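In the numbering used here, the protein residues as written are 7 to 285. Beta carbons: idealized from backbone N, C-alpha and C, even for Gly. In this text, all values refer to a predicted model and were calculated from it rather than measured experimentally. The next block holds one structure in the form of structure tokens; read it before the comments.
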């Protein structure tokens, strides 16, 4: 069987011609915008042909808070008639319009710190970060609790959940690239600090909690290569600075000599001293 080539021919797309009667109906389109006051409708911007005898008129929108939006009014007419009718009126955003952010499910809108006292955050049953507690885990700490004692939590962190948490902690404010860590001495790493409390399980080698009351990361999970200036081995001895003793200087020009008169019964300096008290 030979190749007969294409048996159909694609239809050529013909651009719609602007209908002059519909294009001239600017005031008809303007009067069709009845949802707002006339002052909220701006200048006529353009007329666009949407099909045969189908034209959309665009007007500037002057509503507060709708910068860059446009009123769009679509008009049409029947063949061989000069009477124009309105199809629809809508408010559409332009290329520079101020738009609201795209809708996201509540699970994707949550950010760290959004959960407050009394709030409940349900966890989906198919969360990839969690795995059933009865499954064998590659985390020794989980296996020791769940299998040797026959106890354990209904769900534990899966490998994907631990990897996601570790990457988030490592890239965050408590990892090696945090500004406070970059400014700390090269040897002041958390893994060698006496206040460093390693985590249990598979994350033990990479993360721990800070137990230094004076450190900015106290009570937080930090990476082993994180650092700060409150490292336990940061020992700085205060240098002893000798202070020269200055001689006492008197300003004689500020001293005024005054004569002192003795009262009656005063003892002269040449007389012997009198004993204390009376006999």
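Between the C-alpha atoms of residue i and residue j, what's the straight-line distance to the nearest angstrom?
i           : j           : result
residue 109 : residue 125 : 22 Å
residue 231 : residue 181 : 7 Å
residue 241 : residue 235 : 10 Å
residue 223 : residue 192 : 18 Å
residue 46  : residue 59  : 28 Å
residue 54  : residue 29  : 8 Å
residue 209 : residue 67  : 57 Å
residue 94  : residue 102 : 23 Å
residue 62  : residue 52  : 8 Å
residue 206 : residue 98  : 56 Å
residue 106 : residue 115 : 14 Å
residue 211 : residue 221 : 21 Å
residue 200 : residue 163 : 29 Å
residue 85  : residue 49  : 29 Å
residue 183 : residue 69  : 47 Å
residue 7   : residue 22  : Since pLDDT at residue 7 reaches only 49, below the 50 mark, its modelled position is unreliable, and the value read off the structure follows with that caveat. Each residue's alpha carbon lies about 42 Å from the other.
residue 169 : residue 77  : 50 Å
residue 25  : residue 79  : 15 Å
residue 33  : residue 20  : 29 Å
residue 178 : residue 198 : 20 Å
So, under 8 Å CB-CB, residue i and residue j are touching, yes? Tell me the CB distance rounded to an integer number of Å.
i           : j           : result
residue 204 : residue 217 : 11 Å between Cβ atoms; not a contact.
residue 83  : residue 42  : Actually they are not in contact, since the Cβ atoms of residue 83 and residue 42 sit about 26 Å apart, beyond 8 Å.
residue 90  : residue 31  : 4 Å
residue 100 : residue 75  : 6 Å
residue 6   : residue 92  : The structure shown has nothing for residue 6, since the chain only spans 7 to 285.
residue 167 : residue 121 : Going by Cβ atoms, the distance from residue 167 to residue 121 rounds to 18 Å, so no, they are not a contact pair.
Any idea which residues DSSP pairs residue i with across the strands?
i           : result
residue 31  : For residue 31, which the question treats as bridged, DSSP gives no partner whatsoever.
residue 202 : 216
residue 331 : No statement about residue 331 is possible, as the shown extent of the chain runs from 7 to 285 and does not include it.
residue 94  : 80
residue 138 : 161
residue 99  : 75
So for residue i, helix, strand or coil by DSSP?
i           : result
residue 229 : strand
residue 234 : coil
residue 112 : helix
residue 55  : strand
residue 46  : helix
residue 224 : strand
residue 253 : coil
residue 209 : helix
residue 39  : coil
residue 187 : helix
residue 197 : helix
residue 169 : helix
residue 125 : coil
residue 20  : coil
residue 132 : coil
residue 174 : helix
Does any CB atom of chain D fall closer than 8 Å to the CB of residue i?
i           : result
residue 100 : Given the protein chain composition of this structure (a single chain), no chain D is represented.
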